[in-house]
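Data first, discussion second: the structure below is written as structure tokens.
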Amino acid sequence: MNIATTPKLPFYHPTGRECDLFEAAYENGLPLLLKGPTGCGKTRFVEHMAARLGKPLYTVACHDDLSAADLIGRYLLKGGETVWVDGPLTRAVREGGICYLDEVVEARKDVTVVLHPLTDTRRTLMIDRTGEELVAPAAFMLVASYNPGYQSVLKRLKPSTRQRFLSISFDFPDNETEIAVVASESRLEPGRVAPLVRLAGHIRNLSGMDLEEGVSTRLLIYAATLMAGGMGVTEALEAAVIEPLSDEPDVQQSLRDLVSTIYG
Ligand SMILES: Nc1ncnc2c1ncn2[C@@H]1O[C@H](COP(=O)(O)OP(=O)(O)OP(=O)(O)O)[C@@H](O)[C@H]1O
Ligand SMILES: [Mg+2]
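Residue numbers (UniProt numbering): 1 to 264.
Structure (structure tokens):
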């Protein structure tokens, strides 16, 4: 878990009306679900909005072993005494902060049971172990995210869970926005970022190739960062785009071909 109260506003370039929707969700006490591919800005968006609203942010990276107790808390033995220790979700509820459950589909089923009363009009966190029923203050907000591309039949949010959240689909930004984001994050001049973003557009449009997902904004930032540090284009793209995207020699070759059509 990572608790952050950042005085500095993390840079986020909106791609639509997502900031307004986040604020409306917050003001009305509604939970929010962010859907989208890896590296498209979901986490950065939540960090930005939490800082903008001046809220403490409790981020939990969900995984298939994450249980309700990991979120809510547990009794721990401390110096021979048993004491109750709040988990991140409970702390966010008590403090009136934002709890962000990243990759929520990965969490164990008992987590859903906890989320349901918290994400409907009850806004209640049931702490079975202590018998407490915490009603979330207006300042508490629950945000969750997942990548629909990775979903398997076994790991899918049930409609009864999905339909408790407002939802936004994230995608890669339009060219102009992506150039601005990559240039600002990497400090590579926009004129040199533009062909990278053009390359990304081609890669994302490839169909029939064995790529699980298109190249992320995150990888473009990696490539641009290497280039800004003086590395040559070919070497930077090899390490930041081609190798991370695929292990298949054929696929890698097609990506190199795309690179040469753009960089000549
Ligand atoms: N709209 C944006 N404004 C500012 N930075 C952005 C934006 N989109 C992407 N980024 C940059 O891309 C990087 C990756 O974004 P982020 O970590 O938020 O992705 P994510 O959607 O949470 O991915 P994952 O699903 O893998 O966790 C960020 O560190 C940030 O530098
Ligand atoms: Mg993320």
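Here a beta-carbon is modelled for each residue, glycine too, at the ideal position from N, C-alpha and C.
As the structure is a computational prediction, the values presented were derived from the model and not from experiment.
Scanning the UniProt domain "ATPase dynein-related AAA" (31-165) for uninterrupted beta strand (DSSP E) segments of 3 residues or longer gives 32-35, 57-61, 73-78, 81-86, 98-102, 124-127, 132-135 and 141-146, listed from N- to C-terminal end. Rounded to whole angstroms, Leu-101 and Asn-147 show a C-alpha spacing of 12 Å. Within 7 Å of the C-beta of Thr-43 there is at least one heavy atom belonging to ligand 2. Restricting attention to beta strand (DSSP E) runs no shorter than 3 residues, the UniProt domain "CbbQ/NirQ/NorQ C-terminal" (178-261) encloses none. Non-local beta-carbon contacts of Pro-117 in its own chain, meaning distances under 7 Å to residues more than five positions away in sequence, involve Thr-124 and Met-126 in chain order. When only Cα atoms are considered, His-202 and Asp-128 end up about 52 Å apart.
The beta carbon of Ala-224 is closer than 7 Å to those of Val-182, Ser-186, Leu-188, Val-193 and Leu-196 in its chain, skipping five residues each way along the sequence.
Residue burial is scored here from C-beta neighbours: Asp-70 has at least 16 other C-beta atoms within 10 angstroms and is therefore classed as buried. Pairing Glu-213 with Pro-37 gives a Cβ-Cβ distance under 8 Å. 8 Å or more divides the Cβ of Gly-39 from the Cβ of Phe-170. Counting along the chain, Leu-21 sits inside the alpha helix (DSSP H) bounded by residues 18-27.
Proximity of the region 164-179 to the region 23-35 meets the contact definition, three or more beta-carbon pairs being nearer than 8 Å. Rounded to whole angstroms, the separation of the alpha carbons of Tyr-58 and Met-141 is 10 Å. For Val-143, the shortest separation between its Cβ and any heavy atom of ligand 1 does not lie below 7 Å. Cβ neighbours of Ala-180 within its own chain (closer than 7 Å, five residues either side excluded): His-13. By the C-beta density criterion, Glu-18 is buried, having at least 16 other C-beta atoms within 10 angstroms. In this structure, Ile-98 keeps its C-beta atom at 8 Å or more from the C-beta atom of Lys-35. For Ile-242, the closest of Ala-228, Gly-230 and Asp-257 by C-alpha to C-alpha distance is Asp-257. Taking C-beta atoms as the reference points, Val-113 and Cys-62 fail to come closer than 8 Å.
Taking 8 Å as the cut-off, the Cβ atoms of Arg-108 and Asp-64 count as close. In this structure, the straight-line span from the alpha carbon of Ile-262 to that of Arg-204 is close to 14 Å. Between Gly-73 and Trp-84, the C-beta gap is smaller than 8 Å, which places the two residues in contact. Spatial neighbours of Glu-47 in its own chain (CB-CB distance under 6 Å, excluding positions within 5 residues in sequence) are listed in chain order as Pro-10.
A check of alpha carbon separations from Arg-218 across Asp-250, Glu-178, Arg-198 and Gly-232 identifies Glu-178 as the nearest.
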